[in-house]
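Colleague:
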Amino acid sequence: MLASVAETRSVAASTSALPFTAQVPPSEVRVEPQETEHPAPPKGVVCSIRGSGRPVQSNCGDSEVVVSEGRFGKNPLARVRLEGLSLTWGIFRGTGPAWIHAEDANARISGFAPTTEQMFTVTTEIPVLPDHVWLLEEAPVKIARGIEDGLVEVSLSGDMIEGVDDLKWKLSCDALGYDPLPNRGVSSSRVRATGSRAAPTGPKLRLRTQPGEEPFATLKSSSERLGLALEVVSVLGDFTRVRFFTSHARFDVWVASKEIDRSGLGFGFGRRSGVCVSRGTVTPVERALIVEDTSVTIGRNQQRFTAPSVELVAGAEVSVVKREAGFALVVPQGRIQPSDGVAFFVPESVLGPPRQL
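Residue numbers for the sequence shown follow this note's numbering, so the first one is 3 and each next one is one higher.
1. Report the option in S224, S50, D176, W256 whose CA atom is closest to the CA atom of F218.
2. Take T117 and list the residues in its own chain whose beta-carbon comes closer than 8 Å to its own, dropping the five residues that flank it on each side.
3. In angstroms, rounded to a whole number, what distance separates the CA positions of G72 and A309?
4. Any chance you could list the alpha helix (DSSP H) runs of at least 4 consecutive residues sitting entirely within the segment 293 to 342, in chain order?
5. For G90, report the span of its beta strand (DSSP E) as first-last.
6. Please look up how many angstroms separate the CB atoms of L87 and A107, rounded, as I've assumed it's under 8 Å.
7. With DSSP run on the structure shown, which of helix, strand or coil describes P352?
8. Does the Cβ-Cβ distance between V315 and A109 come in under 7 Å?
9. Use the C-beta contact count for F347: other C-beta atoms within 10 angstroms, 16 or more gives buried, fewer gives exposed.
10. Should D161 be labelled buried (16 or more other beta-carbon atoms within 10 Å of its own) or exposed?
11. So, under 8 Å CB-CB, A80 and V312 are touching, yes? Tell me the CB distance rounded to an integer number of Å.
12. Return the first residue and the last residue of the beta strand (DSSP E) that C49 is part of.
13. Which residues bound the beta strand (DSSP E) around G113?
14. Write down the C-beta distance between G214 and E261 rounded to the nearest angstrom, noting that I regard them as a contact closer than 8 Å.
15. Residue range of the beta strand (DSSP E) that D254 falls in?
16. What residues in its chain sit with their C-beta under 7 Å from that of R264, if we drop five residues either side in the sequence?
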């Protein structure tokens, strides 16, 4: 049954509107095992997301963030490789860097880092525009801003159909995770057509929640035709109801009949790849084990200060670059590393016997 025009206008007024707060049914929320207890996020955090880290999908290494002592880039402390870490993100109201706590077998750190390049995961297929748009399970999203307790604004990231990533959705934090994405392909075979097939006739397809209403989104392509497989559900006047999948979402919408070809067969999708750069290294002179938990002393611009938010854990293996005045300059093994221009120092007393390289 079609909703009233008045009801539809309130939902489909513009692409920038946030029409719906997506909530995950309690039975569908994935409960991840709690390996360790993380500290509570600082005041002002409206959304906490825990996970095991995520690498960029590329062939040249891990994704990294620079963790700083201050929220807006003050005093960079460490470079943290995100893959395989036990970590928590804390999203503040509005925009700006997030709080982060990360730890592995060698070290733990709390501080602040930007989320502009971070991809989070939708933990289960979830409606974001009731009866019309769903985000697929494991779809990658970027967080645009924190809204209020338990709510954030997100957009999809990396969908192969132009225009899908432009849409903003209001999402419950319970619907988000931060874990490695599966390395799987996406294709138009997801459309299990029970009706006839169709495809767009040109480079644009305008999506509506009801026939005759203003479009809430426009999908685009730089080629002559938008590559999208459509399933025709019904026709009403000059409009056709269609269903289709993109890389990370599914749609049940109305389009102008003149914008589709009922003989079209649709197309498949590809995936994007990333690029990365290498970093310089230092040459250690020995290795040693940390014999007790210890806070790191940060060295930067000829100055040193203690950073209680960065700790090396008892049993952690470190490369010792040099020793001087009762302190050792060390580089820990693992995914938490000194930031560019920063050195980690620990008292020599917390180092075990030297080990062979």
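Glycine included, C-beta positions come from ideal geometry on N, C-alpha and C.
Modeller: Straight from the coordinates:
1. W256
2. The answer, listed in chain order, is W91, I93, P99, A100, K144, I145.
3. 12 Å
4. If we require 4 residues or more, the segment 293 to 342 turns out to have no alpha helix (DSSP H) run fully inside it.
5. Note on residue identity: the sequence assigns Thr, not Gly, to residue 90. Per DSSP, T90 belongs to the beta strand (DSSP E) from 88 to 94.
6. Not confirmed; about 10 Å, so no contact.
7. It should be pointed out that residue 352 corresponds to Val in this sequence rather than to Pro. Helix, per DSSP.
8. yes
9. buried
10. buried
11. 6 Å
12. 47 to 53
13. Its beta strand (DSSP E) spans residues 109 to 115.
14. In fact, because the Cβ distance is near 14 Å, the residues do not count as touching under 8 Å.
15. 251 to 258
16. S198, A200, V234
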